[in-house]
Amino acid sequence: MDPAATPLLSVNSLSVSFGSRHVIQNLSFEIERGENLAIVGPNGSGKTVLLRTLLGMLPHTGSIRWASGVKLGYVPQSVAADLQLPIFAADLLAAKARILKVPQDAIARAAAATATTPDMLTSRIGTLSGGQFQKILITFALLGDPDVLLVDEPTASLDELAEEHIYELLDRLRRERNLTVLLISHELSVIYQRATRVLCLSKNNPCFGKPQEILTPENLAEVYSSQPEFFHHLHNHAERPR
Amino acid sequence: MTHLGGIYEVVLALLFAIAAGLVGSFALMKRMVLAGDVISHVALPGIGLAFLFHFNPLLGGAATLLVGTLLIWQLQKSTGLAVDAMIGVVFAGSLAIGALLTPQQDLVEALFGSYQSLSLPAFLIGIAASLLIILSILRFKDHLLLSLFSPEMARATSIRLDRLNLGYLLLFSLTVLVGLRFLGALLAGALIILPAATGRRLATHVSQFLFCTCAASLISVIVGLLVTHLFLPSHSPGPVIVIISALLFLVASLRKVEA
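Here the protein sequences line up with chains B and R, keeping their order.
Taking our numbering, the leading residue of the first sequence gets 57, the next gets one more, and so forth.
Taking our numbering, the leading residue of the second sequence gets 749, the next gets one more, and so forth.
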């Protein structure tokens, strides 16, 4: 079988529950190599839970099949650690390089790909700006040359300019490295411009397809029905001419 | 014997100091330093049973610590609650059972430790346990660092978080167990907390933090043993070691830290 014809990721009848609370129910979709999948949905619809499940961190029913040999990189929305700890970005990157047994010069290459400067690497993580911190997280994800980046709301705490830089960076990396990107975002204008597919998570009606098919006012009204203000914001974006 | 009389005791105390420093550094970064104090009490029912039935109290402590640690890990996995909450649950039950089981006259020794001479097998077991802790933490320090920074990033780096968390909890309990030998249940956790807090005040990056913590722990044990030997020969060195460790933290806290 031609490996290129095999889906990179195949999710079938996936359900994730916490006790009696069903966060993801009966979700199925497939993505190909090189795609840029945007995952959207209201708060609590299971976007981050989906990424954590795809990483193999949460118990679930149904199947998740990654193509064989696929390497994953993950860019979190936030980190668990106290940012005041004496941890440098260089400490984290060196730790990952040792675990994966990649040469230390791979760190310099990953840093160059994201325009991360040496002074960012040797700064305590708590002293970095939001944009710098995101670059470090993306550099970390790139180390080890992954095939797929799972990115959880990378611009949640950034201003518009920094936000644009991060999306441009992700787009450039995807093209240059033939990466597949699974991106959680609330930025519909960004999704319209950059995503190749959209996965819309909602309790009643999850949907999957091309951006122009999925991000219609009707679909958005259905998905965000419990959040009228948010729908209004998305609706305005969705109406923008491409 | 005197408090510095046995080379076995001194060598084991020094190795334990390094083990406690390394375990404590990661406990502080994982925000579970108080678990040391609490986990040490999980050993109490076993120590109580050992006193009642006249077998080695450390064996009894080890048995209940192992069961308690596995229980904490399993409860945390199945309930999804934070590990410190689960430690609290197991601790409360263990303390009550231990207090009931331990004969009154032995309770003070169980809580505050004793510093009797070690037999060769006990010394060798203590050395092996301390070396296991030190080498395991050094071998897995990168895994521990990434998992405490972001479990998701660690998982994407192929780290098996379940196994890593269980392994760390077991090393933590083993450290407490070795500490019980000469510090007692009340103080075994203290040498996990205090040097790590001192190291945190002094260090600016991770490897320096591990080094400063181990140094603070070693200084506490060495000075504590010397002070007990010279000035308090009838006392157990545990409380003195802990007081020295607290004083070191006070001195370190006077240092101004960059914003």
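A virtual CB, placed ideally from N, CA and C, is assigned to each residue, including glycine.
- DSSP-derived helix/strand/coil call for G129 of chain B: strand
- Task: Determine whether the Cβ of R154 of chain B lies closer than 8 Å to any Cβ atom of chain R.
- Result: yes
- Task: Could you list the residues in the segment 128-149 of chain B with a C-beta less than 9 Å from some C-beta on chain R, going in chain order?
- Result: L128, G129, Y130, V131, P132, S134, V135, A136, A137, D138, L141, P142, I143, F144, A146, D147 and L148
- Query: Going by the CB atoms, is the gap between S66 of chain B and I80 of chain B shorter than 8 Å?
  - Reply: no
- Query: What's the gap between the Cα of Q283 of chain B and the Cα of T817 of chain R?
  - Reply: Any answer about Q283 of chain B is weak, because its pLDDT of 49 lies below 50 and its placement is not dependable; what the coordinates show is given next. Distance between the alpha carbons of Q283 of chain B and T817 of chain R is about 44 Å.
- Query: Can you tell me whether DSSP reads H116 of chain B as helix, strand or coil?
  - Reply: coil
- Task: Mind checking who F27 of chain B pairs with in its DSSP beta bridge?
- Result: Outside the displayed range of chain B (57 to 298) lies residue 27 of chain B, so it cannot be described from this structure.
- CA nearest to the CA of G75 of chain B, picked from R:I787, R:G794 and R:K825: R:K825
- Per DSSP, what kind of secondary structure is I867 of chain R in: helix, strand or coil? The amino acid at residue 867 of chain R is misidentified as Ile; the sequence shows Ser. Looking at S867 of chain R - three-state DSSP - the assignment turns out to be coil, as it is neither helix nor strand.
- Could you pull out every residue in the same chain whose Cβ sits closer than 8 Å to the Cβ of M901 of chain R, ignoring the five residues on either side in sequence? L894
- Helix, strand or coil: which one does DSSP assign to G90 of chain B? coil
- CB-CB length for L128 of chain B against V204 of chain B, believed under 8 Å: 5 Å
- Message: Just checking: is the beta-carbon of M176 of chain B within a distance shorter than 8 Å of some beta-carbon in chain R?
- Response: no
- For K152 of chain B, which of B:T104, B:L83, B:V126 and B:I192 has the nearest alpha-carbon? B:I192
- Check P284 of chain B in the structure and name its three-state DSSP category. Caution applies to P284 of chain B, whose pLDDT of 42 falls short of 50 and renders its modelled position unreliable; the value that the coordinates give is listed next. Correct three-state label for P284 of chain B: helix.
- When the Cβ atoms of the segment 945-959 of chain R are set against those of the segment 993-1002 of chain R, are three or more pairs found closer than 8 Å? yes
- Query: Can a CB atom of chain R be found closer than 8 Å to the CB of A151 of chain B?
  - Reply: yes
- Beta-carbon neighbours of P899 of chain R, restricted to chain B and to distances below 8 Å: M113 and A136
- Task: Whole angstroms is fine: what's the gap from S993 of chain R's alpha carbon to V971 of chain R's?
- Result: 9 Å
- Task: Taking T952 of chain R as the query, report the chain B residues whose CB atoms sit under 9 Å from its CB, ordered along the chain.
- Result: P142, F144 and R180
- Is V158 of chain B closer than 8 Å to L199 of chain B when the C-beta atoms are compared? yes
- Query: Beta-carbon of R903 of chain R versus every beta-carbon of chain B: anything under 8 Å?
  - Reply: yes
- Message: I'd like the span of the beta strand (DSSP E) that includes V207 of chain B, first residue to last.
- Response: V204 to D208
- Item | Amino acids of chain B, ordered along the chain, whose beta-carbon sits closer than 9 Å to that of H891 of chain R | A151 and I155
- What is the DSSP secondary structure of T109 of chain B, counted as helix, strand or coil? helix
- Query: How would you call N234 of chain B, buried or exposed, if buried means at least 16 neighbouring beta carbons within 10 angstroms?
  - Reply: exposed
- Task: Return yes when the Cβ of V786 of chain R is within less than 8 Å of the Cβ of I835 of chain R, no when it is not.
- Result: yes
- Collapsed DSSP secondary structure at T172 of chain B in the structure displayed: coil
- Message: Are the CB atoms of I143 of chain B and R89 of chain B within a distance shorter than 8 Å?
- Response: no
- Query: Is DSSP giving R180 of chain B helix, strand or coil here?
  - Reply: strand
- Query: With 16 as the cutoff for other CB atoms within 10 Å, does F803 of chain R come out buried or exposed?
  - Reply: exposed
- Message: Give me the residue from R:H789, R:G769, R:L995 and R:I795 with the minimum Cα distance to F959 of chain R.
- Response: R:G769
- Task: In the DSSP assignment, find the alpha helix (DSSP H) that holds G265 of chain B and state where it starts and stops.
- Result: Note, G265 of chain B: premise wrong, no alpha helix (DSSP H); beta strand (DSSP E) at C263 to G265.
- Query: Using 8 Å as the limit for Cβ to Cβ distance, is L896 of chain R near chain B?
  - Reply: yes
- Item | Cβ distance (whole Å) where V975 of chain R is taken to contact L942 of chain R below 8 Å | Their Cβ separation, rounded to whole angstroms, is 16 Å, which puts V975 of chain R and L942 of chain R out of contact at 8 Å.
- Task: Drop a sphere of 10 angstroms on the beta-carbon of P174 of chain B, count the other beta-carbons inside from all chains shown, and report buried for 16 or more, exposed for fewer.
- Result: exposed
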